[in-house]
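K.L.:
Sequential numbering of the sequence shown, starting at 1, is according to UniProt numbering. My questions will all concern the structure given below.
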Amino acid sequence: MEEENLNNINSKLKSKLASTLNINKSKRPLDDSTNLNKMRKFQSSSRLPISSSSNHEEMNRFRQLINDKTLEIENIKINSISLRNEIESQNLENYRIDSNFQNLEITLNDLNLKINELMGYKEQSLISLSKKYELEQKRLNMNHQEKLNDIKEEITKKVDDLLTKKQEKYEKEINELTKEINEMMESKVKVEADMDKKLILLKENHHTKESSMIGELQDECDKSKTEIETITQEIIVKTNQIDDIKLNKFTQLEKEHARFMNLLEQLKIKNNHKQNEIDNLENQISNKKSKVKSLHQSSEERSEELKRLNFEIARMKSELINQETKRRKLHGKLQDLKGNIRVFCRIRNATSSDLVKYQIPQDINDESKQDLLITKTNNNNNTNNATYRFSFDKIFPPEHTNDMIFDELSQLIQCSLDGTNVCVFAYGQTGSGKTFTMSHPQNGMIPLSIMKIFQDIDDLKEKGWSYSIFGKFIEIYNESIIDLLNPTNSMKHEIKHDDSVNKTTVTNITTIEITSPNQAHEILTMANKKRSTAATKSNDHSSRSHSIFIIELQGDNSITGESSNGILNLIDLAGI
């Protein structure tokens, strides 16, 4: 479609230019001396009598006709310039669309890489999170169960120990008191038995000893009764003590039992809280599993979307390969329309006192070029200033930087990658800035060209192109060729041209394969140090030789089978 548009525009332009040329050939202004002579001959050759009034009307009619044709010619010129501008705009728009497409493709590739990286991170985080929750749940359950068992065992052991100790103590005290009571009872029985025996003896000896012993027996009986009462009181006291001990100890045991039961209730409450926490954790784990499942589902959907995007990318890459071939053809046609030989003018940034008066009109001339008007001032008579007009394909004013100049030059770099031989050289007076423009370390045309070549090669890899880059660096000094990459080379260097392949070579010079921009910059630095320089009135370090940096670009496309061989010659001429 773009080719048809360009062909239609070219055909319209050619037809209008042809009509313009025919009109120019057939009709010219009356103020031209040749046309005046023809008109005079026409008038003189006419044998018909013409009055002065009719002659005047005829002259006016011719003048009017000539003016109309002149206006028509001017309109055609304007239309021609407009069509040329439309062609340039269309070509620039095509180039901008290609650049935007390449940028979008790079952005899409970056997004795909980020998506893949995020997918990997997501899967790892999901697996890690699931394992973490499972391990945490098991650990909490085990810890809780262990703590609960330990507490139960400890409480049970304490209660058993306490009950055992208390029971043993109380049993011991009860046994002791029971033993004392039994002993007292035995003593009472013994005393009663003794009294019975004594009574029997007294009865037996009643008659004999009744009178003498009655008082004594009565004393002993009273004494025994007193002892019995005392023992009885002691038994009562001991019994009360036993009852008190039983009451106090059992009360204390009941309090201890109540305390332990309270503690058991608290432990049960804590156990319920822990069980609730476990239930909450299980609910959280269930929710996390649901989220994991949802994330897996989302991941599968994203995987399907990613597959679709990869398919679209593959399809776009396939189309891009075909578009690259079309782009090369259109780019070649664009450069052909601009002209095989282009001359640019750069005005050096200097003080106003050092510059001559100049003007750069904004419009372009009939040949689509820019004009530079230079005024030479006559010191003797300011009214006789001379103005000179020069035409260039492009004029760069002093405020333009090297980067802005390279924007125009970069189209030629693309031509060399497409397989065209390109030569760029700087020409001018010494001190005018040729070496600054061509070889500045940061933004000279040579370093920027090398950077663009490697950037474009990286972009073209996705379209199946692979390139090999070879570099040569020579200088021509006093009509002698010097190999700057091997200055000690004593072999003779000759320039030879092969018409069969339309290629010019220099014999016996060193060729280095360039694999990176840094390597190319090192070669340039090394070669520039060996270049011949000398001081002049205008420049203390003027280049006194012509330096030529030759870059050979050999490309092959593994998909389409195409190949290209281009040469880029970057030349910094000596000052004049």
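Heads up, the beta-carbon is just placed ideally off N, CA and C, and yes, glycines get one too.
Would you identify the three-state DSSP class for I567, choosing helix, strand or coil?
P.N.:
Position 567 of the sequence shown, counted from the first residue, corresponds to residue 567. Residue state, collapsed to three classes: strand.
K.L.:
Grouping DSSP H, G and I as helix and E and B as strand, with all else coil, what is T488?
P.N.:
Position 488 of the sequence shown, counting from 1, holds the residue named residue 488. Note: T488 maps to coil in three-state DSSP.
K.L.:
Would you list the residues sitting across from R342 in a DSSP beta bridge?
P.N.:
Walking along the sequence shown from the start, residue 342 turns up at place 342. Paired residue(s): none; R342 is not in a bridge.
K.L.:
Do P397 and I360 have their beta-carbon atoms positioned less than 8 Å apart in this structure?
P.N.:
Looking up residue 360 in the sequence shown gives position 360. Looking up residue 397 in the sequence shown gives position 397. Contact flag set, yes.
K.L.:
Run through the DSSP bridge pairs and tell me what D572 is partnered with.
P.N.:
Walking along the sequence shown from the start, residue 572 turns up at place 572. DSSP lists A426, S547 as partners of D572.
K.L.:
By DSSP's criteria, L553 is part of a beta bridge. Which residues make up the other side?
P.N.:
Here the question's residue 553 lines up with position 553 in the sequence shown. Paired residues: I469, G566.
K.L.:
What residues are listed by DSSP as bridge partners for V506?
P.N.:
Counting from 1 along the sequence shown, the entry for residue 506 is found at position 506. I495, per the DSSP bridge assignment.
K.L.:
Please identify the residue among I509, L263, A527, S80 whose C-alpha is closest to the C-alpha of I158.
P.N.:
Locating residue 158 in the sequence shown gives position 158, counting from the first residue. Note on identity: in this sequence residue 158 is Lys, with Ile being the wrong assignment. For K158, the nearest C-alpha among the options comes from L263.
K.L.:
Check A314 in the structure and name its three-state DSSP category.
P.N.:
Here residue 314 is taken as the residue at index 314 of the sequence shown, counted from 1. It is helical.
K.L.:
Measuring only the C-alpha atoms, how far is N508 from E475?
P.N.:
Position 508 of the sequence shown holds residue 508. Position 475 of the sequence shown holds residue 475. For N508 and E475, the distance between alpha carbons rounds to 14 Å.
K.L.:
So which of D418, I242, D456 has the shortest CA-CA distance to I171?
P.N.:
Taking the first residue of the sequence shown as 1, we reach residue 171 at position 171. The sequence given here places Glu at residue 171; Ile does not occur at that position. Across the set D418, I242, D456, the C-alpha of I242 shows the shortest separation from the C-alpha of E171.
K.L.:
Could you tell me the alpha carbon to alpha carbon distance between V237 and T230, rounded to whole angstroms?
P.N.:
Residue mapping note: residue 237 aligns to position 237 of the sequence shown, counting from 1. Residue mapping note: residue 230 aligns to position 230 of the sequence shown, counting from 1. Those two C-alpha atoms are separated by around 10 Å.
K.L.:
Evaluate V424 with the Cβ neighbour count: other Cβ atoms within 10 Å of its Cβ, from every protein chain shown; 16 or more gives buried, anything less gives exposed.
P.N.:
On the sequence shown, residue 424 is found 424 positions in, with the first residue counted as 1. It is buried - the Cβ of V424 has at least 16 other Cβ atoms within 10 Å.
K.L.:
Does M184 have its Cβ less than 8 Å from a Cβ in chain C?
P.N.:
Annotation note: the requested chain C is absent from the structure, which comprises a single protein chain.
K.L.:
Taking the beta strand (DSSP E) that T435 belongs to, which residues open and close that run?
P.N.:
Against the sequence shown, residue 435 aligns to sequence position 435. First-last for T435: 434–439, but that is the alpha helix (DSSP H), not the beta strand (DSSP E).
K.L.:
Using three-state DSSP, classify E254 as helix, strand or coil.
P.N.:
Taking the first residue of the sequence shown as position 1, residue 254 is located at position 254. Correct three-state label for E254: helix.
K.L.:
Roughly how many whole angstroms lie between the Cα atoms of E234 and Q252?
P.N.:
As a working note, residue 234 is residue 234 in the sequence shown. As a working note, residue 252 is residue 252 in the sequence shown. If I take the Cα positions, the gap works out to 26 Å.
K.L.:
With three or more beta-carbon pairs closer than 8 Å as the criterion, would you say the region 481–490 touches the region 437–455?
P.N.:
no
K.L.:
Check for me: the beta strand (DSSP E) holding E479 runs from which residue to which?
P.N.:
Here residue 479 is taken as the residue at index 479 of the sequence shown, counted from 1. Bounds of any beta strand (DSSP E) do not take in E479, whose DSSP letter is neither H nor E.
K.L.:
Check whether the region 270–282 and the region 132–143 touch, using three or more Cβ-Cβ pairs below 8 Å as the test.
P.N.:
yes
K.L.:
Looking only at its own chain, which residues have a Cβ that is under 6 Å from the Cβ of L448, when we skip the five neighbours before and after it?
P.N.:
Stepping through the sequence shown from its first residue, residue 448 is reached at position 448. Hits under 6 Å: F406.
K.L.:
In angstroms, rounded to a whole number, what distance separates the CA positions of M491 and K472?
P.N.:
Here residue 491 corresponds to residue number 491 of the sequence shown, with the count starting at 1. Here residue 472 corresponds to residue number 472 of the sequence shown, with the count starting at 1. Straight-line Cα distance between these residues: approximately 16 Å.
K.L.:
On the DSSP bridge assignment, give the partners of E513 in chain order.
P.N.:
One-based indexing of the sequence shown puts residue 513 at position 513. Beta-bridge pairing links E513 to F470.
K.L.:
Is the CB-CB distance between I495 and T504 below 8 Å?
P.N.:
Mapped onto the sequence shown, residue 495 falls at position 495. Mapped onto the sequence shown, residue 504 falls at position 504. In this structure, T504 lies closer than 8 Å to I495 by Cβ.
K.L.:
Starting from I413 and walking both ways along the alpha helix (DSSP H), at which residues does that stretch end?
P.N.:
For the purposes of this step, residue 413 is identified with residue 413 of the sequence shown, where counting begins at 1. Residues 402–417.
K.L.:
Residues in its own chain within less than 8 Å of I523 by CB, not counting five upstream and five downstream?
P.N.:
Taking the sequence shown and counting its residues from 1, the one referred to as residue 523 is at position 523. The residues are G471, F473, L485, I512, I514.
K.L.:
Could you tell me which uninterrupted beta strand (DSSP E) segments, each at least 3 residues in length, are contained entirely in the UniProt region "Disordered" (282–303), listed from first to last along the chain?
P.N.:
none
K.L.:
List the endpoints of the continuous alpha helix (DSSP H) containing Q455.
P.N.:
Along the sequence shown, read from residue 1 onward, the residue named residue 455 stands at position 455. Start and end: 445–461.
K.L.:
Applying the 10 Å Cβ sphere with the 16-neighbour rule, what's the burial state of E552?
P.N.:
In the sequence shown, residue 552 corresponds to position 552, counting from 1. So E552 ends up on the buried side.
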